[in-house]
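Below is one structure, written out as structure tokens; the observations come after it.
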Amino acid sequence: EAGVAQSPRYKIIEKRQSVAFWCNPISGHATLYWYQQILGQGPKLLIQFQNNGVVDDSQLPKDRFSAERLKGVDSTLKIQPAKLEDSAVYLCASSLHPGPNTGELFFGEGSRLTVL
Amino acid sequence: DAKTTQPNSMESNEEEPVHLPCNHSTISGTDYIHWYRQLPSQGPEYVIHGLTSNVNNRMASLAIAEDRKSSTLILHRATLRDAAVYYCILRAPSGSARQLTFGSGTQLTVLP
């Protein structure tokens, strides 16, 4: 079974530039998540989708971050304009169900962003 | 959201059992206890979860205290590939992934 695919794996940009990350979840997984992981910290949830609807985006900095999940499959996360503190690994995860007893999350390898 | 407390780091010798503790004194009766681990340069990986009873799977065992205020992840025979950061998280029935905002976890070092 193919896992969660993310691209690009690495990206280096100047501050105030924009960047986009792409995620393809496991086939059939209705729930998709984007996490931000700053070096030395645990992952922090940015946004959760159920099919193509947003379930939770309370921790997404909406002045510069946006995410969409068209057709309930692939998703993109965009940062515009980037700040130095956005340097992190952006992890995408998916699950078959959102519940706590059956909703095991499968994570991709992440996209590492460096903002100079 | 209920909070978990884990030691920052632990060491184990290869092929010996490892007991990773987690305290969650404010757990509610319906919160599930989940464990994930993160190997270097990879995304987190699901390990095990439980509610009240002890659980076993191919990767590990989860021992849950009778009062549910603490739990222990048990790796029966540590290998070098088990060196990772282990996260203990509580998930409420609403299923919000906000509960899966991870803490700092326990860095497990396995010594050959």
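Residue numbers (the numbering used here), protein chains in the order written: chain A, 28 to 143; chain B, 927 to 1038.
We put the CB at the ideal spot given by N, CA and C, even for glycine.
Fill in: Residue of A:Arg96, A:Ala32, A:Gln75 and A:Ile53 minimising C-alpha distance to A:Gln86
Of A:Arg96, A:Ala32, A:Gln75 and A:Ile53, the residue nearest in Cα terms is A:Gln75.
Worksheet item: Residues in its own chain within less than 7 Å of B:Asp957 by CB, not counting five upstream and five downstream?
Response: Within the same chain, B:Asp957 has close Cβ partners Ala928, Leu1016, Arg1017 and Ala1018.
Worksheet item: Got a sec? Which residues, its chain only, sit under 6 Å from A:Phe92 by beta carbon, not counting five neighbours each side?
Response: Ile106
Practice prompt. Name the two residues that bound the continuous beta strand (DSSP E) containing B:Asn949.
Written response: Val944 to Asn949
Discussion item. I'd like to check one pair, A:Gln33 with A:Ala115: are the Cβ atoms closer than 8 Å?
Written reply: The answer is no: Cβ separation not under 8 Å.
Worksheet item: Can you find a CB in chain B that lies within less than 8 Å of the CB of A:Phe48?
Response: no
Fill in: Interface flag, A:Gly69 vs chain B, CB-CB below 8 Å
At least one chain B Cβ lies under 8 Å of A:Gly69.
Worksheet item: Can you tell me the Cα-Cα spacing of B:Leu977 and A:Gly99, whole angstroms?
Response: Rounded to whole angstroms, B:Leu977 to A:Gly99 spans 31 Å at the Cα level.
Discussion item. Which of the three DSSP states is assigned to A:Gly99 in this structure?
Written reply: helix
Worksheet entry | Per-residue contacts from A:Gln127 into chain B (C-beta, under 7 Å) | Residue 127 of chain A is actually Pro in this sequence, not Gln. Per Cβ cutoff of 7 Å: Tyr958, Arg1017, Ala1018, Pro1019 and Gly1021.
Worksheet entry | A:Pro125 versus A:Arg36, A:Pro70, A:Val81 and A:Leu140, residue with shortest Cα-Cα distance | A:Val81
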